[in-house]
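Engineer:
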Amino acid sequence: MISDIRRIQALHQLAERGTVTAAAAALGYTPSAVSQQLAALEAELGVPVIERRGRNVVLTDAGHVLLQHGRDALTALELAESTVAELQGEPVGPVRIGALASATASLITHALRTVMAEYPRLEPNVVVHPLDRNVEELRLGALDIAVDQSYKLSPHSMFDGLEVTELLTEPLLLLSPQDTPCETVDEAADLDWVCSPADSACGRSTAGIAARYGIAPRYRYETDDHFATVRLVGAGLAVAVLPALALLHPPDGVHTAVVPGAARTISAATRPSARSRPAVATVIEHLTIAAEAFRLDSLAA
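Quick note on numbering: the numbering used here labels position 265 of the sequence shown as 266, and the sequence is numbered without any gaps.
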């Protein structure tokens, strides 16, 4: 009999991430602790569940069978924990939140300040993941809530199968140097651009805007750091398109204009099995309340 559910969690993360080091990072353990959990699992079952192939570790046939049923067990355990937590009433314990950098600087900060003042036994843990990894980490069980984005001109179904709460929809802004201001995307067609990586949601959105206006931007700089983007524009080196939350307080030297028909929606997603946990539900409720302070009219002002 498997005596510790953490051994199934270790196997699950290893199967998804391919290395003991990556699995350990996702679980908050040391690599040696994960290896010990897997060794103990094999000792309990009497069969190997993993094998090494080069630098990676893969599951054996027995490991795949165990993981298939183990995932069901992890989901059932999460549902059981949610049901018990509902009986407590008061939101307590850890809530793991994956966030966007632009939302953390405003929306999430405001929400956590109020929720922690009201529920001191709540323990939010926020991680800002690069690019579009929040939903992926949520599906892998490394997060309880993923605050992520979708763009009007590049929609995709990354939230399929999840419980989703839309927090706000904000305009996209065309940023240009104050000395050479652009009011429309057409006016920026022949200038240098700074853009997020092409495979990111923001990068795909910028490509969609360019296609809509029939222009072929000259991408001179690439970064997913909104602060760096604003600095490049302010220095007169490029133009860019960013969500309004990334530019609540535009610095001197940056001109902004709304891009018609382009918008970003920020949503909070969670697994259905975790949505009823009071701690998770409370954080999402406070994110929704905080979003009221950043509605479209105030962002565009």
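Heads up, the beta-carbon is just placed ideally off N, CA and C, and yes, glycines get one too.
Quick caveat, the model's predicted, so the values are computed rather than measured.
Put Gln14 into one of helix, strand or coil per three-state DSSP.
Structural biologist: As a position in the sequence shown, residue 14 is number 13, starting the count at 1. Gln14 sits in a helix when the DSSP states are folded into three classes.
Engineer: What three-state label does DSSP hand Cys183 in the structure shown?
Structural biologist: Indexing the sequence shown from 1 puts residue 183 at position 182. Here Cys183 sits in coil by DSSP.
Engineer: Going by Cα to Cα distance, which pick from Ala264, Val59, Leu46 and Ser4 is closest to Ala24?
Structural biologist: Here residue 24 corresponds to residue number 23 of the sequence shown, with the count starting at 1. It is Val59 whose Cα lies nearest to the Cα of Ala24.
Engineer: Quick one: grab the DSSP three-state call for Ser277.
Structural biologist: Indexing the sequence shown from 1 puts residue 277 at position 276. Correct three-state label for Ser277: coil.
Engineer: Go ahead and pull the three-state DSSP assignment for Pro32.
Structural biologist: Here residue 32 refers to the residue found at position 31 of the sequence shown. Correct three-state label for Pro32: helix.
Engineer: Where do the N-terminal and C-terminal ends of the alpha helix (DSSP H) with Val234 fall, by residue?
Structural biologist: Position 233 of the sequence shown holds residue 234. It spans His227 to Gly235 - the alpha helix (DSSP H) in which Val234 sits, taken as one unbroken run.
Engineer: Going by DSSP, what residues sit across from Glu52 in a beta bridge?
Structural biologist: Position 51 of the sequence shown holds residue 52. Bridge partners of Glu52: Val59.
Engineer: Would you kindly work out how many angstroms separate the C-alpha atoms of Leu144 and Asp191, rounded to a whole number?
Structural biologist: Here the question's residue 144 lines up with position 143 in the sequence shown. Here the question's residue 191 lines up with position 190 in the sequence shown. Answer to the nearest angstrom: the Cα atoms are 42 Å apart.
Engineer: With three or more beta-carbon pairs closer than 8 Å as the criterion, would you say the region 260-280 touches the region 162-174?
Structural biologist: yes
Engineer: In chain order, what residues of the same chain lie with their CB nearer than 8 Å to the CB of Glu183, ignoring the 5 residues before and after it?
Structural biologist: Reading the sequence shown from its first residue, position 182 is the one you call residue 183. Looking at the sequence provided, one finds Cys at residue 183 rather than Glu. So the list reads Leu175, Ser177, Ala189, Leu192, Val240, His256 and Ala258, once near-sequence residues are dropped.
Engineer: What do you get for Asp298, buried or exposed, if any count of 16 or more other CB atoms within 10 angstroms of its CB means buried?
Structural biologist: For the purposes of this step, residue 298 is taken as residue 297 along the sequence shown, with counting starting at 1. Model confidence at Asp298 stands at a pLDDT of 46, short of 50, so the residue's coordinates are unreliable; what they give is reported in the following sentence. With fewer than 16 other Cβ atoms within 10 Å, it is exposed.
Engineer: Output the distance between the C-alpha atoms of Leu113 and Ser274, rounded to the nearest integer angstrom.
Structural biologist: Sequence index remark: in the sequence shown, residue 113 carries index 112 (1-based). Sequence index remark: in the sequence shown, residue 274 carries index 273 (1-based). So the two alpha carbons sit approximately 23 Å from each other.
Engineer: So Leu303 is in the alpha helix (DSSP H); what residue range does that whole segment cover?
Structural biologist: With the chain represented from 2 up to 302, any question about residue 303 goes unanswered, as that position is not in the structure.
Engineer: Count the C-beta pairs between the region 91-111 and the region 120-139 that are closer than 8 Å, then say yes if the count reaches three, no if not.
Structural biologist: yes
Engineer: Could you give the first and the last residue of the continuous alpha helix (DSSP H) run that contains Ile210?
Structural biologist: Taking the sequence shown and counting its residues from 1, the one referred to as residue 210 is at position 209. Taken as a continuous stretch (DSSP letters only), the alpha helix (DSSP H) holding Ile210 covers Ala202 to Tyr214.
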